[in-house]
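Peer 1: Below is one structure. I have some questions about it.
There are 2 protein chains.
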Amino acid sequence: MTKKPKTAISPTRNEDYPEWYQQVIRAADMAEKSPVRGCMVIKPWGYAIWENIVRGLDDLFRATGVKNAYFPLFIPLSFLEKEAEHVEGFAKECAVVSHHRLEQGENGLVPAGPLQEPLVVRPTSETIIGDAFSKWITSYRDLPLLINQWANVVRWEMRTRIFLRTSEFLWQEGHTAHATEGEAEERTRQMLDIYAQFVEESLAIPVIKGVKSRSETFPGAVQTQCIEAMMQDRKALQAGTSHFLGQNFARASGIKFQTREEKEEYAWTTSWGVSTRLIGGLIMTHSDDDGLVLPPRVASAHVVLLPIYRKPDDQAAVMDYTEKLARRLRALRYHDRPLTVEMDTREIGGARGWEWVKKGIPLRVEIGPRDIRSNSVFVGRRDSGKKESISTDQFVADICGILDEIQTNLFQKALDFRQTHTKTLDDRDTLYDFFTPENAGRPEIHGGFVQAPWCGSDQCEAVLKTDLSVTIRCIPFDSEPTTGSCICCGSAANQQVILAKAY
Amino acid sequence: MTKKPKTAISPTRNEDYPEWYQQVIRAADMAEKSPVRGCMVIKPWGYAIWENIVRGLDDLFRATGVKNAYFPLFIPLSFLEKEAEHVEGFAKECAVVSHHRLEQGENGLVPAGPLQEPLVVRPTSETIIGDAFSKWITSYRDLPLLINQWANVVRWEMRTRIFLRTSEFLWQEGHTAHATEGEAEERTRQMLDIYAQFVEESLAIPVIKGVKSRSETFPGAVQTQCIEAMMQDRKALQAGTSHFLGQNFARASGIKFQTREEKEEYAWTTSWGVSTRLIGGLIMTHSDDDGLVLPPRVASAHVVLLPIYRKPDDQAAVMDYTEKLARRLRALRYHDRPLTVEMDTREIGGARGWEWVKKGIPLRVEIGPRDIRSNSVFVGRRDSGKKESISTDQFVADICGILDEIQTNLFQKALDFRQTHTKTLDDRDTLYDFFTPENAGRPEIHGGFVQAPWCGSDQCEAVLKTDLSVTIRCIPFDSEPTTGSCICCGSAANQQVILAKAY
């Protein structure tokens with residue numbers, strides 16, 4: 001009998017995946033629950049990832065002509081009511097501001113100054129941005145209008161999980177208006193492609209691009225496009241969405257323009273967003289039973305230097321060597337941002353190294369008296385666990401290459417995992433087996449993504465949801481037209497869809 | 001009689017300063033009022049300035065060891081009550097969230113799901129960050145803790161003015177905890193110095209650094225330090241504050257730590273912030289009767305290229321030349337960010353040039369067939385109004401130098417203005433004349449900053465406020481100890497203060 005290997009995170013992924021997730025976040029010191037129900041505190045190690053996501057995406061948006069702006073946190077109640085489906089989708093779970101003052105009551109402060117019209121804390125800004133667009137746009141010359149906002153939004157959630165589902169979260173929402181349907185459709189896809197590119201290249205998370213079914217479409221949209229990723233529990237995570245809104249929101253908000261031919265028309269609009277949820281996806285894609293694993297392109301820091309000495313006599317030489325190395329490394333750039341170097345000089349022995357493993361930093365570098373004598377450093381990689389002695393000059397010359405190798409490695413590992421756990425099925429019984437909880441302990445026959453033919457009916461979709469808690473994640477862009485039978489009802493299918501349990 | 005010169009902005013600064021301010025913002029397309037009372041929409045041309053402020057300050061913070069984090073938008077009512085002065089200062093003007101759902105009523109949506117404890121939309125995050133600090137800090141090893149947050153905050157304002165006073169605004173709030181009083185005091189001053197450096201170097205606004213009087217101190221703080229700037233109507237604008245909080249907030253929030261000697265002590269804390277108000281200060285410092293004037297270091301864009309041609313035959317050559325120049329310019333960096341180049345190809349003739357004047361872009365470059373033949377460009381400077389033909393190669397080589405010259409020029413002009421309108425007075429009658437509205441049209445004897453001796457009593461401060469609407473802006477750090485008499489009551493003064501009307 002082999003002994004169970006000791007891991008830094010308990011429980012392990014296999015033992016209790018949801019609890020493992022929480023423990024990874026805690027051990028890496030990324031975020032925590034706040035005293036306000038459903039809201040999180042994002043701590044520096046977690047927030048730095050968000051800052052890198054913001055910087056990376058913002059550059060990509062900007063390169064396509066998008067400009068940033070900022071709209072009010074509050075939305076008048078009447079605005080939410082403008083688009084019928086939209087109010088259905090969002091009015092249920094809103095923070096409602098009813099008063100604008102506090103007064104001393106008998107038992108402390110009490111709300112005072114009731115508002116004539118209550119305000120809603122934005123769950124999304126479609127309606128208030130729509131109102132602005134209706135004033136900004138008068139002529140075809142004002143189009144396209146390409147606006148993005150980085151902001152906090154609030155959706156009152158009953159069951160929350162840090163980064164994945166919180167009452168308040170950070171996101172960006174892009175909103176564009178166009179003179180033609182075709183141009184708006186093109187923009188919808190362009191932004192989805194940017195999301196896919198960024199999530200794959202920078203977060204090292206492979207995604208499937210496709211279209212949502214009618215029932216999963218954004219309230220009020222004509223079409224919702226999405227990117228879907230597979231987590232290590234083989235459930236899907238929707239990592240980003242891009243909506244083609246047709247003229248629905250333009251009609252609701254009165255976004256009209258005069259065409260070149262002097263006719264008045266409603267604009268064609270889109271909206272698209274990603275959120276701090278991406279950090280949850282990153283954690284669940286790459287981390288292991290020793291904690292967080294960070295892809296270098298968005299890592300909170302790239303490398304930590306750990307000076308090691310036992311004898312006080314060695315301290316000065318080791319510290320000096322470490323500081324010189326830090327300076328050399330900090331002068332480097334990795335993918336257009338300065339290489340981020342942590343230096344941990346705490347005298348807490350081996351615990352120090354483990355802390356950095358749990359924090360998922362791509363590279364740990366130990367520097368002791370013997371290393372200095374041989375002018376080398378002892379480098380540990382978080383992705384492979386490999387440790388080796390490298391000449392210091394070589395390490396400085398190679399570090400960006402090593403980081404790129406880690407980035408590629410993480411992506412490939414995640415892609416292999418997804419491919420291993422994606423099945424093409426056309427038979428209802430096998431599908432039911434695949435998603436039956438009793439088989440949960442047998443990954444060879446259970447759980448993951450299923451590609452299957454679907455007849456297109458809401459009813460079959462509903463049946464699968466009720467029976468298996470499985471949803472149509474998307475109709476992939478690259479799926480071939482099919483002539484098979486619907487995996488649910490057996491009637492003629494017209495498309496292949498991705499089925500999975502999801503976050 | 002000379003004809004009144006035609007200006008792009010009406011009214012002019014002299015005719016109606018507050019209205020001129022609004023018109024500058026409108027003409028530059030920076031921001032506008034929103035349908036939500038007291039909230040603003042920050043449009044791309046205004047928001048880009050904020051993004052440049054964020055980037056610039058963030059780098060300076062980071063270099064001193066500060067890390068960014070994010071805390072919840074909502075604060076439980078009970079938290080606000082923890083610090084007695086603090087609740088006094090902030091509870092009066094809060095957005096109160098009382099419900100978490102909307103339901104269809106007879107006449108539309110109505111709030112539902114009342115909250116057990118109402119939540120307040122953060123007017124500042126002292127209390128909720130204090131709560132986090134109380135959990136994060138247990139030992140002297142956890143100190144100093146240096147945290148900053150970029151966020152939106154809400155203070156319900158009755159009279160609002162875009163950028164200067166709005167119900168919602170964007171800001172940063174830094175919060176630090178230290179093991180010793182001295183270290184916290186040092187940090188308070190360090191951050192004020194960073195604000196002063198940034199505001200002077202990047203916004204080109206000269207500031208006076210000093211300490212607030214007791215009555216102007218942040219509610220709950222031991223000391224508030226500030227930077228004060230003079231606007232073109234000679235009123236003061238508080239451009240940033242840094243608070244030494246002593247152990248007040250640590251005591252209120254229970255931020256305790258074990259010292260090296262294993263004693264338990266309260267931490268010493270600071271907080272410091274600047275906001276989108278800085279944009280208001282920038283507008284009021286530099287702009288003129290033709291509209292906005294942007295300091296290059298934070299300008300939304302640095303240069304606009306305006307291709308000019310009358311004959312269709314010239315179009316291809318002019319456009320080609322312009323695009324080549326744009327590419328060369330975009331490859332340059334100005335103070336560590338890419339040079340931002342706008343290209344305006346609209347066929348709207350002379351109106352186009354005026355639009356860019358009103359938008360305050362530092363440099364306008366006209367390119368016509370004749371310029372191409374001489375391989376030169378016609379460059380207009382927004383600061384001096386100077387226009388000249390420069391060889392294209394020379395322009396590309398010199399542009400960063402020209403921008404620096406504009407930056408220096410704007411700062412110097414603002415400094416001269418402030419010095420011209422700052423008087424050292426020690427006589428009560430002259431002071432009253434200086435601030436009497438009847439003299440408002442006579443800048444030679446009226447309005448600006450007054451440096452005067454003060455006895456230190458709240459009463460004299462209150463008298464000046466009531467009689468003249470004048471406040472003590474600060475006790476400058478560099479003011480000499482004084483042996484004169486208080487300008488208000490005539491008794492012995494112990495300090496020189498800056499008096500002014502203020503925003």
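Protein sequences, first through last, are from chains A and B. Take 1 as the starting number for the first sequence in the working numbering and just add one per residue. Take 1 as the starting number for the second sequence in the working numbering and just add one per residue. The beta-carbon is built from N, C-alpha and C at its ideal position, and this holds for glycine as well.
Helix, strand or coil for Cys400/A, going by three-state DSSP, please let me know.
Peer 2: Reading the first sequence from its first residue, position 400 is the one you call residue 400/A. The answer is helix: DSSP assigns Cys400/A an H, G or I state.
Peer 1: Residues in the same chain with beta-carbon distance under 7 Å from Arg370/B, minus the five sequence neighbours each way, listed in chain order, please.
Peer 2: In the second sequence, the residue the question calls residue 370/B occupies position 370. Within the same chain, Arg370/B has no close Cβ partners at all.
Peer 1: Would you tell me roughly how many angstroms separate the C-alpha atoms of Thr482/B and Gly441/B, rounded to the nearest one?
Peer 2: Counting from 1 along the second sequence, the entry for residue 482/B is found at position 482. Counting from 1 along the second sequence, the entry for residue 441/B is found at position 441. Approximately 32 Å, taken between the alpha carbons.
Peer 1: Straight-line CA distance for Arg505/B to Ala236/A?
Peer 2: With chain B running from 1 to 503 in the structure shown, residue 505/B is simply not present.
Peer 1: So, does the CB of Asn52/B fall closer than 8 Å to a CB anywhere in chain A?
Peer 2: Residue numbering aside, residue 52/B sits at position 52 when the second sequence is read from its first letter. Chain A, which has no Cβ nearer than 8 Å to the Cβ of Asn52/B, makes this no.
Peer 1: In angstroms, rounded to a whole number, what distance separates the CA positions of Gly182/B and Ser275/B?
Peer 2: On the second sequence, residue 182/B is found 182 positions in, with the first residue counted as 1. On the second sequence, residue 275/B is found 275 positions in, with the first residue counted as 1. Gly182/B and Ser275/B: Cα-Cα distance of roughly 27 Å.
Peer 1: Taking beta-carbon pairs under 8 Å, can you tell me which members of the region 141-157 of chain A lie near chain B?
Peer 2: Residues passing the 8 Å Cβ filter: Arg141, Ile147, Ala151, Asn152, Val154 and Trp156.
Peer 1: Do Glu173/B and Thr124/B have their beta-carbon atoms positioned less than 8 Å apart in this structure?
Peer 2: If you number the second sequence from 1, residue 124/B lands on position 124. If you number the second sequence from 1, residue 173/B lands on position 173. In contact: Thr124/B and Glu173/B (Cβ atoms closer than 8 Å).
Peer 1: Looking only at C-alpha atoms, which of Glu83/B, Gln116/B and Thr180/B sits nearest to Glu126/B?
Peer 2: If you number the second sequence from 1, residue 126/B lands on position 126. Checking every option, the nearest Cα to that of Glu126/B belongs to Glu83/B.
Peer 1: CB-CB under 8 Å to Glu388/B, same chain, minus the five flanking residues each way: which ones, in chain order?
Peer 2: Walking along the second sequence from the start, residue 388/B turns up at place 388. Once the five neighbours on either side are set aside, the close Cβ partners of Glu388/B are Phe378 and Val379.
Peer 1: Compare the beta carbon distance of Leu203/B and Pro296/B with 8 Å and say whether it is the shorter of the two.
Peer 2: Locating residue 203/B in the second sequence gives position 203, counting from the first residue. Locating residue 296/B in the second sequence gives position 296, counting from the first residue. No, these two residues do not count as a Cβ contact at 8 Å.
Peer 1: Quick one: what does DSSP say Ser384/A is sitting in, helix, strand or coil?
Peer 2: For the purposes of this step, residue 384/A is taken as residue 384 along the first sequence, with counting starting at 1. Coil, per DSSP.
Peer 1: Taking the straight line between their C-alpha atoms, what separation do you get for Pro144/B and Ile128/A?
Peer 2: Translated into positions along the second sequence, residue 144/B becomes position 144. Translated into positions along the first sequence, residue 128/A becomes position 128. The straight-line gap from Cα to Cα measures roughly 42 Å.
Peer 1: Reducing DSSP to helix, strand and coil, say where Glu200/A ends up.
Peer 2: Here residue 200/A refers to the residue found at position 200 when the first sequence is read from its first residue. In the structure shown, Glu200/A sits in a helix (DSSP, three-state: H, G or I).
Peer 1: Pick out whichever of Thr424/B, Lys423/B, Asp426/B and Ile445/B has its Cα sitting closest to the Cα of Asp505/B.
Peer 2: It is not possible to answer for residue 505/B, since the shown part of chain B is limited to 1 through 503.
Peer 1: Comparing the C-beta of Phe71/A with each C-beta of chain B, is any distance below 8 Å?
Peer 2: On the first sequence, position 71 is the one that residue 71/A refers to. Yes, contact with chain B.
Peer 1: Measuring alpha carbon to alpha carbon, tell me which residue in Arg473/B, Pro44/B, Ser491/B and Arg260/B is nearest Ala500/B.
Peer 2: The count along the second sequence starts at 1 and reaches residue 500/B at position 500. Checked all of Arg473/B, Pro44/B, Ser491/B and Arg260/B; the closest Cα to Ala500/B is Arg473/B.
Peer 1: Inspect the beta-carbon positions of Arg155/A and Glu85/A and report whether they are closer than 8 Å.
Peer 2: Indexing the first sequence from 1 puts residue 155/A at position 155. Indexing the first sequence from 1 puts residue 85/A at position 85. It is not a contact, given that the beta carbons lie outside the stated cut-off.
Peer 1: In this structure, what does DSSP give as the bridge partners for Ser376/A?
Peer 2: Numbered from 1 along the first sequence, position 376 holds the residue referred to as residue 376/A. Ser391/A.
Peer 1: Is the shortest distance between the beta-carbon of Tyr47/B and the beta-carbons of chain A less than 8 Å?
Peer 2: Looking up residue 47/B in the second sequence gives position 47. Closer than 8 Å to some Cβ of chain A, the Cβ of Tyr47/B qualifies, so yes.
Peer 1: For Met1/B, does the count of other Cβ atoms within 10 angstroms reach 16, so buried, or fall short, so exposed?
Peer 2: Position 1 of the second sequence, counting from 1, holds the residue named residue 1/B. Summary for Met1/B: the model assigns pLDDT 46, below 50, so the residue's position carries little reliability; its value from the coordinates is reported in the next sentence. Under this definition Met1/B is an exposed residue.
Peer 1: Any heavy atom of the ligand FAD inside 7 Å of the beta-carbon of Val87/B?
Peer 2: Absence of the ligand FAD is noted for the structure shown, with no ligands found whatsoever.
Peer 1: Under the assumption that Gly130/A contacts Ile255/A (Cβ atoms under 8 Å), give the Cβ distance between them as a whole number of angstroms.
Peer 2: For the purposes of this step, residue 130/A is taken as the residue at position 130 of the first sequence. For the purposes of this step, residue 255/A is taken as the residue at position 255 of the first sequence. That belief holds up - the Cβ atoms of Gly130/A and Ile255/A are roughly 6 Å apart, short of 8 Å.
Peer 1: Note down, one range per segment and in chain order, each alpha helix (DSSP H) of at least 4 residues found wholly within the region 11-52 of chain B.
Peer 2: Segments of the alpha helix (DSSP H) lying fully in the region 11-52 of chain B: 17-28.
Peer 1: In three-state DSSP terms, what is Thr527/A?
Peer 2: No information on residue 527/A is available, as it lies outside the stretch 1 to 503 that chain A covers here.
Peer 1: Nearest by alpha-carbon distance to Val304/B: which of Arg310/B, Ala267/B, Ala316/B and Arg352/B is it?
Peer 2: For the purposes of this step, residue 304/B is taken as residue 304 along the second sequence, with counting starting at 1. Nearest C-alpha to Val304/B: Arg352/B.
Peer 1: Closer than 8 Å, Cβ to Cβ, to anything on chain A: give me those residues from the region 158-182 of chain B, in chain order.
Peer 2: The residues in question are Glu168 and Leu170.
Peer 1: Would you report the Cα separation of Ile49/B and Leu278/B, rounded to the nearest angstrom?
Peer 2: Taking the first residue of the second sequence as 1, we reach residue 49/B at position 49. Taking the first residue of the second sequence as 1, we reach residue 278/B at position 278. If I take the Cα positions, the gap works out to 10 Å.
Peer 1: In this structure, how does DSSP classify Trp156/A when only helix, strand and coil are distinguished?
Peer 2: Mapped onto the first sequence, residue 156/A falls at position 156. DSSP places Trp156/A in coil when its eight states are reduced to three.
Peer 1: Give the single residue among Val497/A, Asp344/A, Pro111/A and Val87/A whose Cα lies nearest to the Cα of Val97/A.
Peer 2: Along the first sequence, read from residue 1 onward, the residue named residue 97/A stands at position 97. Here the closest residue by C-alpha is Pro111/A.
Peer 1: So what does DSSP say about Ala414/B, is it helix, strand or coil?
Peer 2: The residue labelled residue 414/B in the question sits at position 414 within the second sequence. The answer is helix: DSSP assigns Ala414/B an H, G or I state.
Peer 1: Output yes if chain A places a C-beta closer than 8 Å to the C-beta of Ala132/B; else output no.
Peer 2: The count along the second sequence starts at 1 and reaches residue 132/B at position 132. Chain A contact via Cβ: present.
Peer 1: Find the residues of chain A that neighbour Ser34/B, judging by a C-beta separation of less than 9 Å, and give them in chain order.
Peer 2: Start at 1 with the first residue of the second sequence, and residue 34/B comes out as number 34. The answer, in chain order, is Phe71, Pro72, Phe74, Ile128, Asp131 and Ala132.
Peer 1: Measuring only the C-alpha atoms, how far is Leu115/B from Arg333/A?
Peer 2: In the second sequence, counting from the first residue as 1, residue 115/B sits at position 115. In the first sequence, counting from the first residue as 1, residue 333/A sits at position 333. Cα to Cα, the separation comes out at about 49 Å.
Peer 1: Using a C-beta cutoff of 8 Å, does Arg473/B count as contacting chain A?
Peer 2: Start at 1 with the first residue of the second sequence, and residue 473/B comes out as number 473. No, because no Cβ of chain A sits closer than 8 Å to the Cβ of Arg473/B.
Peer 1: List, in chain order, every chain B residue whose beta-carbon is nearer than 8 Å to that of Glu93/A.
Peer 2: For this step, residue 93/A is matched to residue 93 along the first sequence. Result: His100 and Arg101.
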